[in-house]
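Only one structure is covered here, and it is reproduced in the block below.
In the numbering used here, the protein residues as written are 147 to 607.
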């Protein structure tokens, strides 16, 4: 028997996949003890030292753990989520089942692969967010604490870092939050990361923070999670706030709960507007602080006390004017039961199929929004379809008084595209890298045979 035996684990909905080399004798193990040995309690130090797992797979393995297992408040994994199923070649497996392998050739080496798919469609919203965040912080604690210290120092100077970091006064806490919120607001508002690098369809708070540290960013629901993840670790109390355009009335929480329980979003746009956007409301020293650190041309909000109340109360409801891209809209901010937002985030991370494409196309966020530009993909099968999309973009931009270029090629060839490339060469590189995977995902969702071009919209004069 070959010494190269590979265990591959794939989460069906999120497409997260990891692979590691196991011992040939492990093939005699039934499913349950095999998972206990390599998924719940993997010997990561040994796997790393013996080069039996790559860095990306190690990172993905820990993410899959949090989709399969519950955790305690201290961050220890406990039992599996109820409803998790494992499949091989379309066949559901039971805990006592012994697994079978498939021969493959990797390079010039023969190997045997145990290919397991994880189906979580029967799992409920049972995540312990305290334990989840603890686990994720502990995995990259030096990176996160260094990021926090660096940004507090950058905003307030080396001589004030220790003072602010002690978080003894209301000013200390507000300054600490401000430093991190502004850094996250300044990070790219982007979807291109879903189609390059690790290709995560939706990022958790820690994953978004790492993406920002690497020079990229996320969208509103990801950036807000990143800020909450960081400040939760330092004991700063906060809660999620919902926001959306044309939503002056109180949140229809029963209808949002129904959407989360059924994951049937048909005919629900008027309700889904309420969770189009997220912010945070901090509570400390007897005061409240409303913070919106998302960007995408949503103003940076850092609003304390009575002014925050005026935005959140209903008599009358006060909007925040926003122009993310083409349309000007009034955003309204709402207090909300926290389980609804937490479950919405968990659903996007773990259950909604093709949530990466939903953010780009259905939610009309494109690949990147900056102060001056928006870049979005144009996907089509025929010249007629492309021409229809091109005319729609031109009409919408003309009505808004904006200029745009729509190309059937994946590049930045026209004057507006060239100007964007000159001003944002890094973003251009990342967008170019996203082409193959975006098209693969679109073909997977809508059938083969698509091509893709780009629209570049100039948002400023």
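In this text, a Cβ means the ideal position worked out from N, Cα and C, and glycines have one as well.
Endpoints, the beta strand (DSSP E) within which residue i is located
i	result
residue 433	433 to 438
residue 257	255 to 265
residue 447	447 to 450
residue 335	334 to 336
residue 467	466 to 468
Which of helix, strand or coil DSSP assigns to residue i
i	result
residue 249	strand
residue 511	coil
residue 286	coil
residue 520	strand
residue 397	coil
residue 381	coil
residue 303	coil
residue 375	helix
residue 580	coil
residue 528	coil
residue 506	helix
residue 276	helix
residue 243	coil
residue 455	helix
residue 174	helix
residue 442	coil
residue 609	No information on residue 609 is available, as it lies outside the stretch 147 to 607 that the chain covers here.
residue 270	coil
residue 348	coil
residue 324	helix
Alpha carbon of residue i to alpha carbon of residue j, nearest angstrom
i	j	result
residue 540	residue 599	15 angstroms
residue 270	residue 553	43 angstroms
residue 246	residue 575	42 angstroms
residue 462	residue 534	42 angstroms
residue 273	residue 264	17 angstroms
residue 315	residue 323	13 angstroms
residue 156	residue 261	8 angstroms
residue 561	residue 602	10 angstroms
residue 497	residue 162	12 angstroms
residue 209	residue 203	10 angstroms
residue 158	residue 266	8 angstroms
residue 501	residue 346	10 angstroms
residue 378	residue 547	42 angstroms
residue 532	residue 555	11 angstroms
residue 383	residue 183	37 angstroms
residue 517	residue 257	51 angstroms
residue 281	residue 220	8 angstroms
Endpoints, alpha helix (DSSP H) assigned at residue i
i	result
residue 488	484 to 496
residue 598	From DSSP, residue 598 is part of no alpha helix (DSSP H) but of the beta strand (DSSP E) over 597 to 604.
residue 179	177 to 181
residue 478	Taken as a continuous stretch (DSSP letters only), residue 478 belongs to no alpha helix (DSSP H), being part of the beta strand (DSSP E) at 475 to 481.
One or two residues paired with residue i in a DSSP bridge
i	result
residue 167	152
residue 428	384, 435
residue 353	Bridge partners of residue 353: none, in fact.
residue 589	Its beta-bridge partners do not exist; DSSP assigns none.
residue 157	264
residue 389	423, 479
residue 364	335
Within-7 angstroms CB hit, residue i to chain B
i	result
residue 595	Among the chains in the structure shown there is no chain B, since it carries only a single protein chain.
Which parts of the segment 530 to 574 are runs of the beta strand (DSSP E), unbroken and 3 residues or longer, counting only runs that do not cross its ends?
-> For the segment 530 to 574, whole beta strand (DSSP E) runs of length 3 or above, ordered along the chain, are 549 to 553.
Start-end ranges of the beta strand (DSSP E) lying completely within the segment 190 to 238, minimum 3 residues | 215 to 217, 223 to 226, 231 to 234
Every unbroken alpha helix (DSSP H) within the segment 399 to 424, with a cutoff of 4 residues, ordered by chain | Segments of the alpha helix (DSSP H) lying fully in the segment 399 to 424: 399 to 408, 415 to 418.
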